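First the structure, in the form of structure tokens, and then the observations on it.
Protein chains: 2
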Amino acid sequence: MGEIRLIEIKEEILTDNRKSADDLRSALKAQNVFLLNLMSSPGSGKTSLILKTIEQLKDRFRIGVLEADIDSMVDAEKIAKAGVPSVQLRTGGFCHLDAGMVKKGLEAFDLSSLDLIIIENVGNLVCPAEFDTGAMMNAMILSVPEGDDKPLKYPLMFTVSDVLLINKVDYLSLSDFNMKACYERARTLNPRIVIFETSSKTGAGIKAWANWLAEEVKRSGITAR
Amino acid sequence: MGEIRLIEIKEEILTDNRKSADDLRSALKAQNVFLLNLMSSPGSGKTSLILKTIEQLKDRFRIGVLEADIDSMVDAEKIAKAGVPSVQLRTGGFCHLDAGMVKKGLEAFDLSSLDLIIIENVGNLVCPAEFDTGAMMNAMILSVPEGDDKPLKYPLMFTVSDVLLINKVDYLSLSDFNMKACYERARTLNPRIVIFETSSKTGAGIKAWANWLAEEVKRSGITAR
Chain A
1031 MGEIRLIEIK EEILTDNRKS ADDLRSALKA QNVFLLNLMS SPGSGKTSLI LKTIEQLKDR
1091 FRIGVLEADI DSMVDAEKIA KAGVPSVQLR TGGFCHLDAG MVKKGLEAFD LSSLDLIIIE
1151 NVGNLVCPAE FDTGAMMNAM ILSVPEGDDK PLKYPLMFTV SDVLLINKVD YLSLSDFNMK
1211 ACYERARTLN PRIVIFETSS KTGAGIKAWA NWLAEEVKRS GITAR
Chain B
1031 MGEIRLIEIK EEILTDNRKS ADDLRSALKA QNVFLLNLMS SPGSGKTSLI LKTIEQLKDR
1091 FRIGVLEADI DSMVDAEKIA KAGVPSVQLR TGGFCHLDAG MVKKGLEAFD LSSLDLIIIE
1151 NVGNLVCPAE FDTGAMMNAM ILSVPEGDDK PLKYPLMFTV SDVLLINKVD YLSLSDFNMK
1211 ACYERARTLN PRIVIFETSS KTGAGIKAWA NWLAEEVKRS GITAR
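Protein chains in written order, with the working numbering: chain A, 1031 to 1255; chain B, 1031 to 1255.
So, in structure tokens, the structure goes:
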């Protein structure tokens, strides 16, 4: 028999990434920048929600957006029209961002002129949940058309998220989405998760979410302009 | 309008990886070890082909296998039964190996006791083609049941491979696989690709492939025991 050795390469990679993420988080804190990581499936409304959040918070914070969701410039152009600087990371099919990629993206900003940077992560409920980006807060969107069973299918995403935005609630009347079941499933995985019900179309819940985020940014010690 | 910056994160990652791969290749050459990277779809017969290759070459080279195809130990155990040392990389769902992962895997071998190490890469025709592992040679398997159109669908894999093993030729009588079309399609993408038709079941083509590989290893300057 030949000898067999087993190496847990995934754990090693995640451990290396966690170290880089911690370093990045400390560096950002020292530079007075709050980094928010927004994750979801494709098509759940990340870009629209970011635009609505910018509308609410642009007079309170100097905001930037790190765009990684798709390879085209479309999302970055929408963000730029809202008057905030954006960096488009062309990931070329990678399924997630890691702390090293986020660091490279952030180097393209003038960090001294920003208080809050929002990462629009790759549209995927699996891999992004595994990689700490260096953000101070993880937010996720679950849109009503995706269904209330998603916490059962993608538990890690709900476990690592500080806040869940149940988005596109304007679809509720056409859907059998069970809001109570969704809350229960999410809170079974993560008892401390904060939940907002939102719609970028009707504006429902947007102010509540944006005000809560503003408080969290301040509570973290970031001093806005 | 906010400012938009574009960052080609994928190119940066591939460039960093290429540098690590070149360093690894030089280090292995200095240590008199030939590294072969074997790629294919899942189920095309990588493990069986490696076992047949070991049978042919075990008296000519001291062989090791770096196993990354699946998370279980099954493949590594089959290899160990053939009497050669193996390292099982648990990738936990990663779609490819990069040079850094291969380097970590190789650290678990006693390189001074080996002449030839075969990487069984993750079963995937897309991502592994993009990442230089540090190997001296890329080999790929296309099995007859997968179809002769694969060079059209996965061109990069055929472009980066030095040798193509058209495997499971024992299925040809039951298949409409067009061997001539497959050769033409592969050679249009990569005129220098060397092609063998093999079957681990019947043994067809195995000796020709193994003898060719042995010559290539010697030609590269690796001196066997």
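All residues carry an ideal CB built from backbone N, CA and C; glycine is no exception. Keep in mind the model is a prediction, meaning the values are calculated, not measured.
What residues in its chain sit with their C-beta under 6 Å from that of B:Thr1083, if we drop five residues either side in the sequence? Ala1240.
B:Leu1172 by DSSP, collapsed to three states: which one? Here B:Leu1172 sits in strand by DSSP.
What three-state label does DSSP hand A:Gly1094 in the structure shown? It is a strand residue.
The segment 1086-1106 of chain A / the segment 1170-1181 of chain A touching (three or more Cβ pairs under 8 Å): Verdict: no, contact absent.
Rounding to the nearest angstrom, what Cα-Cα distance links A:Gly1122 and B:Phe1124 in this structure? The alpha-carbon atoms of A:Gly1122 and B:Phe1124 are separated by roughly 16 Å.
Outcome for A:Lys997 when other beta-carbon atoms lying within 10 angstroms are tallied against a minimum of 16: Here chain A covers residues 1031 to 1255 and nothing more, so residue 997 of chain A does not appear.
State the CB to CB distance for the pair B:Leu1144 and B:Arg1090, rounded to an integer number of angstroms; the pair is presumed to be in contact (CB under 8 Å). At roughly 13 Å, the Cβ-Cβ gap does not stay under 8 Å, so B:Leu1144 and B:Arg1090 are not in contact.
Go ahead and label A:Leu1204 buried or exposed: buried means 16 or more other beta carbons lie within 10 angstroms of its beta carbon, across all protein chains shown. Taking all protein chains shown into account, A:Leu1204 has fewer than 16 neighbouring C-beta atoms within 10 Å of its C-beta and is therefore exposed.
For chain B, find out if any of its Cβ atoms is closer than 8 Å to the Cβ of A:Val1152; answer yes or no. Chain B contact via Cβ: absent.
Determine, for B:Val1117, whether the minimum Cβ-Cβ distance to residues of chain A falls below 8 Å. With 8 Å as the cut-off, B:Val1117 counts as an interface residue toward chain A.
Starting from the beta carbon of B:Leu1036, find every residue of chain A whose beta carbon is closer than 8 Å, and list them in chain order. Simply Met1103, Ala1106, Val1117, Gln1118 and Arg1120.
What would DSSP say about A:Ile1225, mapped onto helix, strand or coil? DSSP places A:Ile1225 in strand when its eight states are reduced to three.
For B:Ile1196, return the contacting residues in chain A, with the cut-off set at a CB-CB distance below 8 Å. Chain A residues near B:Ile1196: none, gap ~27 Å exceeds 8 Å.
Interface residues of chain A around B:Phe1124 at Cβ under 7 Å? For B:Phe1124, the chain A residues whose Cβ falls inside 7 Å of its Cβ are Lys1040, in order along the chain.
Who pairs with B:Arg1035 in a beta bridge, going by DSSP? DSSP, once it has assigned bridges, lists A:Val1117 as partnering B:Arg1035.
Return the residue from the list A:Leu1186, A:Leu1146 and A:Leu1054 that minimises the CA-CA distance to A:Pro1115. It is A:Leu1146.
Contact with chain A by B:Ala1112, beta-carbon distance below 8 Å: At least one chain A Cβ lies under 8 Å of B:Ala1112.
Can you list the beta strand (DSSP E) stretches of 3 or more residues lying completely in the segment 1131-1179 of chain A, in chain order? For secondary structure counted as the beta strand (DSSP E) over 3 or more consecutive residues, the segment 1131-1179 of chain A holds these complete runs in sequence order: 1146-1150 and 1167-1173.
Which value, in whole angstroms, describes the spacing of the CA atoms of A:Met1187 and A:Val1152? Each residue's CA atom was taken as its position, placing A:Met1187 and A:Val1152 some 13 Å apart.
Using the Cα positions of A:Ile1149 and A:Ser1056, report the straight-line distance between them to the nearest angstrom. Taking the Cα positions, A:Ile1149 is about 17 Å away from A:Ser1056.
For the segment 1129-1156 of chain A, which residues have a CB atom closer than 7 Å to at least one CB atom of chain B, in sequence order? For the segment 1129-1156 of chain A, which is checked against every Cβ of chain B, the residues closer than 7 Å are Met1131, Lys1134, Gly1135 and Ala1138.
Please name the residue in B:Thr1189, B:Asn1220 and B:Ala1129 whose C-alpha comes closest to that of B:Ala1165. Considering only alpha carbons, the answer is B:Ala1129.
Residues sharing a beta bridge with B:Asn1067, DSSP: According to DSSP, B:Asn1067 bridges with B:Ile1149 and B:Asn1168.
Please check if any C-beta of chain B sits within less than 8 Å of the C-beta of A:Gly1164. Cβ-Cβ to chain B under 8 Å: no for A:Gly1164.
Straight-line CA distance for A:Glu1141 to A:Asn1220? Checking the sequence, you will find Leu at residue 1141 of chain A rather than Glu. Taking C-alpha positions only, A:Leu1141 is separated from A:Asn1220 by approximately 32 Å.
Show which residues of chain B have a CB atom less than 7 Å away from the CB atom of A:Ile1109. Within chain B, the C-beta atoms nearer than 7 Å to that of A:Ile1109 come from Gly1032, in chain order.
According to the neighbour-count rule (16 or more other Cβ atoms, all chains shown, within 10 Å of its Cβ), is B:Asp1105 buried or exposed? Buried, since its Cβ has 16 or more Cβ neighbours within 10 Å.
At what residues does the beta strand (DSSP E) containing B:Val1193 begin and finish? In the DSSP assignment, B:Val1193 falls within the unbroken beta strand (DSSP E) covering Val1193 to Asn1197.
Return the chain-ordered list of same chain residues with a C-beta closer than 6 Å to the C-beta of A:Ala1138, the five sequence neighbours on each side being excluded. Non-local C-beta neighbours of A:Ala1138 in its own chain, meaning closer than 6 Å and more than five positions away in sequence, comprise Val1117, ordered along the chain.
Residue range of the alpha helix (DSSP H) that includes B:Pro1185: That run of the alpha helix (DSSP H) goes Pro1185 to Val1190.
Residue interval of the alpha helix (DSSP H) (run including B:Ile1252): Careful: B:Ile1252 lies outside any alpha helix (DSSP H) and carries neither H nor E.
Residue span of the alpha helix (DSSP H) that contains B:Ser1205, given as start and end: Segment: none, B:Ser1205 is in no alpha helix (DSSP H) and carries neither H nor E.
Would B:Met1069 pass as a contact of B:Ala1159 if the rule is Cβ separation under 8 Å? Contact flag set, yes.
Whole angstroms are fine: how far does the CA of B:Leu1195 sit from the CA of B:Ser1173? When rounded, the distance between both Cα atoms is 8 Å.
For a test of the three-state rule: what should DSSP assign to A:Ile1080, helix, strand or coil? Looking at A:Ile1080 - three-state DSSP - the assignment turns out to be helix.
Within 8 Å, strictly: CB atoms of B:Val1132 and B:Asn1168: Against a cut-off of 8 Å, the Cβ pair of B:Asn1168 and B:Val1132 comes out as no contact.
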